[in-house]
Every structure is written in C-alpha cells, then in structure tokens.
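J.: First residue of the sequence shown: 227, per this note's numbering; consecutive thereafter.
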Amino acid sequence: MTVLASGPDAMHTSGAIAEDLGESAVMVRRAFLLLHKAGLIEQRKGPHGGAKLKVPAKQIGLGDVFVATEGDWLVLEDKAVSALMKKVRGDAVAAMNEHSLAGVVKRMKKAK
227 MTVLASGPDA MHTSGAIAED LGESAVMVRR AFLLLHKAGL IEQRKGPHGG
277 AKLKVPAKQI GLGDVFVATE GDWLVLEDKA VSALMKKVRG DAVAAMNEHS
327 LAGVVKRMKK AK
C-alpha cells in the first residue's frame, strides 16, 4: 500500500512491487485481491495494467488495511469472552485508523 500511495497516479504491477519488497508476486496479487474487494484499490489487466489506490491515502486508515487483509476473526464459543474480544478488536481498529496511509508514507520518507 505504501508503494501505491507513493505513486498514486501510476499503475503498479504486482511483479514490480514484489521485487521491491523481496516477496513473491503471488503474495502481492493475493493482497491486491483483498484490497480490491475492500474498495481500497483498483486493478487493470493488460500491458498497461496493475493496481493503484482507489481512495486517497489520507482517507485510508491503517485499520482499514488491517480489516481488508485480516482474514477470519477469532471465533470463541464463550459469549462473554467473544463479546469482549469483539470490543477489543473494534478498539484496536479505531486506534489504527488514527493513522493514515499518507502519514505512514510521510514517516517512511523522513526516515530515509
């Protein structure tokens, strides 16, 4: 997401991002699928395809990215514990959303 936020108008291929991160392109494409389903990125196929942010980086909270990519949430049979865990998760997502993707990119650039 930080790569996409650093060049918001360009289409970024999964291969280029994977190479930049030292990861596999398959892993990046799987993440893209989740982020696309959440409405955070748009994707295009073809020679000029790739992915880019659908929403401005200032409007994407870290909690939004977490929710988009987290997978199945912990399921507990005890209703009291389950309710408490749901509240803790909600509080954590709200705390993460106090920080935007744009803020992360800004901090990364400062650290260089």
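Glycine is no exception: its CB is placed at the ideal position from the N, C-alpha and C atoms.
Model, not experiment: these values are computed from the prediction.
Can you tell me where the alpha helix (DSSP H) with Ile286 in it begins and where it stops?
T.: Run containing Ile286: none; DSSP gives neither H nor E here.
J.: May I have the straight-line CA-CA distance separating Gly241 from Ala251, to the nearest angstrom?
T.: 5 Å
J.: What's the gap between the Cα of Pro282 and the Cα of Pro234?
T.: 8 Å
J.: Should His238 and Gly276 be called a contact, given that it needs their Cβ atoms to be closer than 9 Å?
T.: yes
J.: In its own chain, which residues sit with a C-beta less than 8 Å from the C-beta of Gln269, not counting the 5 before and 5 after it?
T.: Phe258, His262, Gly275, Gly276, Ala277
J.: CA-CA distance, Lys280 and Leu327?
T.: 13 Å
J.: Going along the chain, which unbroken runs of the alpha helix (DSSP H) with 4 or more residues stay wholly within the segment 233-274?
T.: Segments of the alpha helix (DSSP H) lying fully in the segment 233-274: 240-247, 251-263.
J.: Straight-line CA distance for Thr228 to Arg333?
T.: 11 Å
J.: Regarding Glu324 and the ligand PLP, is the C-beta to nearest heavy atom distance less than 8 Å?
T.: Looking at this structure, you won't find the ligand PLP or any other ligand, since it has none at all.
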